[in-house]
Amino acid sequence: MPLHFITRERIHVDRISTAWAIRKFVDPEATFEFVPRTADVTAMAGIPFDVRGAELGHHRGRCTLEALIDKYGLDDEPLRRMSRVVRAADLPHDEPSPAVTAGVLAIFDGVRDGSTSDEQRLERGFVVCDALYAWCQRTASALIED
């Protein structure tokens, strides 16, 4: 049975990247439910992510994608590089490279604003994540180190 994850609607860079990593590294059949910001996810059946109080969320200055990597023990250096770029785009106080961060954020803003549903954002965002991951596979870690 596939894992079921719950997150806030109008997904953006961190939630899209986390969903992508769930499908790529945790469960390729995972399903996602998008709920209003005000929804009480504690009463819902599923694994919450990037919602208030969730284990898979922002903690100690780190993004949800990093929480997923830690929780599931994902030992993949390109994914860790990607998570640093995502963190910098999602949490503006920490930037590995302003040019990389600005570009990634602009693309994800376009995915969010140019899509009519979260399902469409996920589909389009997964293409962006595939490209970002491929770039992180070949890019020297010095360009995006903490």
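If you want the working numbering, it's the 1-based position in the sequence shown plus 1039. All C-beta atoms, glycine included, are put in the ideal place defined by N, C-alpha and C.
(message) Going by C-alpha to C-alpha distance, which of L1161, I1045 and Y1172 sits closest to A1082?
(response) I1045
(message) Between R1126, R1054, V1167 and P1067, which has its C-alpha nearest P1041's C-alpha?
(response) P1067
(request) Jot down the residue ranges of each uninterrupted beta strand (DSSP E) in the stretch 1061 to 1108, minimum 3 residues, whole runs only, in chain order. (result) 1070 to 1074
(request) Could you pull the start and end residues of the beta strand (DSSP E) that R1047 belongs to? (result) H1043 to R1047
(message) Only counting the same chain, and skipping five residues up and downstream in sequence, which positions put a Cβ closer than 6 Å to that of M1121?
(response) L1171, Y1172 and C1175
(message) Can you give me the C-alpha to C-alpha distance between T1178 and G1149, rounded to a whole angstrom?
(response) 24 Å
(message) Less than 7 Å between C-beta atoms, sequence neighbours within five positions excluded: which residues of the same chain meet that for E1051?
(response) Here residue 1051 is His; the residue named in the question, Glu, does not match the sequence. Same-chain partners within the cutoff: F1147 and R1151.
(message) Within a Cβ cutoff of 8 Å, which residues of the same chain sit near K1110, ignoring the five residues on either side of it in sequence?
(response) E1094 and L1095
(message) Taking its Cβ as the centre, do 16 or more other Cβ atoms sit within 10 Å of T1057, making it buried, or is it exposed?
(response) buried
(request) Give the DSSP-derived three-state secondary structure of G1112 in the structure shown. (result) coil
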